[in-house]
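J.: Before we start, here is the structure in question, set down as structure tokens.
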Amino acid sequence: MRARSASEDDTDEIARLVVGDAAQASTVALMRLFDLNQVAEALELTRIMTASTESWRSMVIAEGSDGQPIGLVQVGEAFAALTPEVLEFARRVYGENYQEILGPRLAAMALVQAHYPANCLLVAEIHVDLAHRGMGIGRALLDVAVEQALAEGHNLLGLQTLTNNPSRGAFEAWGFVVTETRTDDEFEKYTGATGYHMMLRQL
Ligand SMILES: CC(C)(COP(=O)(O)OP(=O)(O)OC[C@H]1O[C@@H](n2cnc3c(N)ncnc32)[C@H](O)[C@@H]1OP(=O)(O)O)[C@@H](O)C(=O)NCCC(=O)NCCS
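Here it is as structure tokens:
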């Protein structure tokens, strides 16, 4: 596997890696939370967020032997943000009363967010293309985050994963443990997941 920093030109591929698998727990929750009917809309929202927050700057991409992106890791704060571009998307999808629709959903989302301890570096996103899972690519991408954390003097890596996300098994295999679980009835109503597990790995 070759790892390289992401660039602005990668936003389509980043969206495909993050939400392209329609059956994945995180894609299902995102689509339900934002009341999106088609994966194409989830792809567009993710692409717009990635581009408008420039979150690609904190991403490393794994390339397959043919140079195609097959995985990514994002180290640092999660990139969900209401940029003007995201609000424009919301206006287009929900109409002029988009704030009434988004408001309660974002409030429910905020209630299940983990509060990380000091000196913890976050893994905001880690995704491997469906066809390339179980081959050690996720672990190699995590090692990129471990190296960065150690170089910056952190002694903890943190991530959060939906309570219904089977990827938790991979994180446990990599030494993460669930240290806190935040749930919320409204969040469950919107997404079908009870909330998020906060997971930490001592370095
Ligand atoms: C989580 C993910 C990134 C792992 O990537 P990957 O390339 O398949 O991971 P690897 O092959 O490096 O390692 C998987 C490890 O987890 C283990 N594993 C995977 N799924 C598991 C499960 N459901 N239960 C127990 N262990 C599991 C494997 O046995 C393997 O262990 P090992 O490294 O000790 O051999 C990938 O499954 C993925 O993209 N999931 C969907 C996206 C997602 O939900 N991301 C997280 C958002 S928080």
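Under numbering that gives the first Met the number 0, the residues of the sequence shown are numbered 0 to 202, in order. We put the beta carbon where it would ideally sit given N, CA and C, even for glycine. Since the structure is predicted, the reported quantities are computational estimates derived from the model, not experimental observations.
1) So the beta strand (DSSP E) V58 belongs to, where does it begin and stop?
2) Closest to L149 by CA distance: which of S4, A5, N118 is it?
3) On the DSSP letters alone, give me the boundaries of the beta strand (DSSP E) that L161 sits inside.
4) Hey, would you say the C-beta of T160 is under 7 Å away from at least one heavy atom of ligand 1?
5) I'd like to check one pair, I47 with V127: are the Cβ atoms closer than 8 Å?
6) For M58, does the count of other Cβ atoms within 10 angstroms reach 16, so buried, or fall short, so exposed?
7) Using DSSP with H/G/I as helix, E/B as strand and the rest coil, what is Y189?
8) Can you find the residues in the same chain that come closer than 8 Å, C-beta to C-beta, to L202, ignoring five residues on each side of it along the sequence?
9) M134: buried (16+ other C-beta within 10 angstroms of its C-beta) or exposed?
10) Using only the alpha-carbon positions, how far apart do E84 and Y189 sit?
11) Quick one: residues in its chain with C-beta nearer than 7 Å to the C-beta of Y218, no 5 flanking neighbours on either side, listed in chain order?
12) If you draw a straight line from the C-alpha of M108 to the C-alpha of A24, how long is it?
13) Quick one: is S64 buried, meaning 16 or more other Cβ sit within 10 Å of its Cβ, or exposed?
14) To the nearest angstrom, report how far apart A39 and Q112 are at their CA atoms.
15) Take W55 and list the residues in its own chain whose beta-carbon comes closer than 7 Å to its own, dropping the five residues that flank it on each side.
T.: For this structure:
1) One-based indexing of the sequence shown puts residue 58 at position 59. The residue you asked about is not Val; residue 58 is Met in the sequence shown. Looking at the DSSP string, the run of the beta strand (DSSP E) that includes M58 is 58-62.
2) Counting from 1 along the sequence shown, the entry for residue 149 is found at position 150. Checked all of S4, A5, N118; the closest Cα to L149 is N118.
3) The count along the sequence shown starts at 1 and reaches residue 161 at position 162. From DSSP, the beta strand (DSSP E) with L161 extends over 155-161.
4) Looking up residue 160 in the sequence shown gives position 161. Yes, since a heavy atom of ligand 1 falls inside the 7 Å radius drawn around the Cβ of T160.
5) For the purposes of this step, residue 127 is identified with residue 128 of the sequence shown, where counting begins at 1. For the purposes of this step, residue 47 is identified with residue 48 of the sequence shown, where counting begins at 1. Taking 8 Å as the Cβ cut-off, V127 and I47 do not qualify as a contacting pair.
6) Here residue 58 is taken as the residue at index 59 of the sequence shown, counted from 1. The residue in question, M58, is buried, as its Cβ has 16 or more Cβ neighbours within 10 Å.
7) Locating residue 189 in the sequence shown gives position 190, counting from the first residue. Helix.
8) On the sequence shown, position 203 is the one that residue 202 refers to. Here the set comprises V145, A148, L149, H153, N154, L155, L156.
9) Looking up residue 134 in the sequence shown gives position 135. Classification for M134: exposed.
10) Taking the first residue of the sequence shown as 1, we reach residue 84 at position 85. Taking the first residue of the sequence shown as 1, we reach residue 189 at position 190. When rounded, the distance between both Cα atoms is 23 Å.
11) Residue 218 cannot be examined here, being either before or after the span of the chain that is shown, 0 to 202.
12) To locate residue 108, count along the sequence shown from 1; it is residue 109. To locate residue 24, count along the sequence shown from 1; it is residue 25. Taking the straight line joining both Cα atoms gives about 15 Å.
13) For the purposes of this step, residue 64 is taken as residue 65 along the sequence shown, with counting starting at 1. Classification of S64: exposed, given that the 10 Å Cβ count is below 16.
14) By 1-based counting over the sequence shown, the position of residue 39 is 40. By 1-based counting over the sequence shown, the position of residue 112 is 113. About 26 Å.
15) Position 56 of the sequence shown, counted from the first residue, corresponds to residue 55. Closer than 7 Å at the Cβ level, and outside the excluded window around W55, lie A5, S6, E7, D9, T10, I13, T49.
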